[in-house]
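Colleague: Just dropping this structure here.
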Amino acid sequence: MTQWTQLGPRERELLAVLRRADAPLTARDLLDAVDSRGDDVAYTTVKRTVDRLVEKGFVERESERYRGGTRHRYRFDVEAARERLVPGFVDELRTVLGEPAVERLGRTVRTERDGGDEADATTQQ
94 MTQWTQLGPR ERELLAVLRR ADAPLTARDL LDAVDSRGDD VAYTTVKRTV DRLVEKGFVE
154 RESERYRGGT RHRYRFDVEA ARERLVPGFV DELRTVLGEP AVERLGRTVR TERDGGDEAD
214 ATTQQ
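Residue numbers (the working numbering): 94 to 218.
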């Protein structure tokens with residue numbers, strides 16, 4: 094199983110929020126983003142989840158002084174995560190569905206990146 098498939102839905106949701114962020118976010122920022130989607134979750138759940146992502150190596154945590162104490166800001170390093178996750182994901186896909194699935198995924202990614210239609214890419218082989 095890849096690291097990606099071992100991530101829970103809440104972890105993937107927080108990674109998505111961090112990926113779209115222009116700057117590192119606090120746990121409160123993450124909570125607000127989750128709340129804005131209509132998901133009712135406690136601050137402690139968000140904090141515990143993002144700290145678990147730090148432990149897993151998907152998120153970097155920075156400390157800063159705030160109101161006489163310390164708070165943390167979190168940042169998702171997308172490139173580092175891609176380097177760690179993609180090879181394992183491809184290996185898992187190959188093991189479960191075979192080489193044709195990996196080839197199809199590659200065609201789909203290239204087609205979407207180039208703005209074409211997968212059916213067109215398939216017929217052009």
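We put the CB at the ideal spot given by N, CA and C, even for glycine.
(1) Evaluate Val147 with the Cβ neighbour count: other Cβ atoms within 10 Å of its Cβ, from every protein chain shown; 16 or more gives buried, anything less gives exposed.
(2) Going by C-alpha distance, which of Arg168, Val179 and Arg164 is nearest Val110?
(3) Between the C-alpha atoms of Glu211 and Gly161, what's the straight-line distance to the nearest angstrom?
(4) Starting from Thr163, trace the alpha helix (DSSP H) both ways and give me its first and last residue.
(5) For Glu104 versus Arg166, is the C-beta distance shorter than 8 Å?
(6) Return yes when the Cβ of Asp170 is within less than 8 Å of the Cβ of Glu153, no when it is not.
(7) Can you pull the DSSP bridge partners for Ser156?
(8) Could you pull out every residue in the same chain whose Cβ sits closer than 8 Å to the Cβ of Thr163, ignoring the five residues on either side in sequence?
(9) Going by DSSP, which residues form a beta bridge with Leu146?
(10) Leaving out five residues before and five after Thr215 in sequence, what residues of the same chain have Cβ atoms less than 7 Å from its Cβ?
(11) Output needed for Pro117: all residues of its chain with C-beta closer than 7 Å, excluding positions within five of it in sequence on either side, in chain order.
(12) Does the Cβ-Cβ distance between Leu107 and Val143 come in under 8 Å?
(13) What residue range does the alpha helix (DSSP H) around Leu107 cover?
Modeller: Reading off the structure:
(1) exposed
(2) Arg168
(3) Reliability fails at Glu211, whose pLDDT of 45 lies under 50, so the model's placement of it is uncertain and the value that follows must be treated cautiously. Cα to Cα, the separation comes out at about 56 Å.
(4) Careful: Thr163 lies outside any alpha helix (DSSP H), inside the beta strand (DSSP E) at Gly162 to Phe169.
(5) no
(6) yes
(7) His165
(8) In its chain, beyond the 5 residues on either side, Ser156 and Glu157 have a beta carbon closer than 8 Å to the beta carbon of Thr163.
(9) DSSP output for Leu146 lists no bridge partner at all.
(10) Legend: pLDDT at Thr215 = 46, less than 50; position of this residue unreliable, value from coordinates given subsequently. Correct list, in chain order: Arg200.
(11) Glu155, Arg166, Tyr167 and Arg168
(12) yes
(13) Pro102 to Arg113
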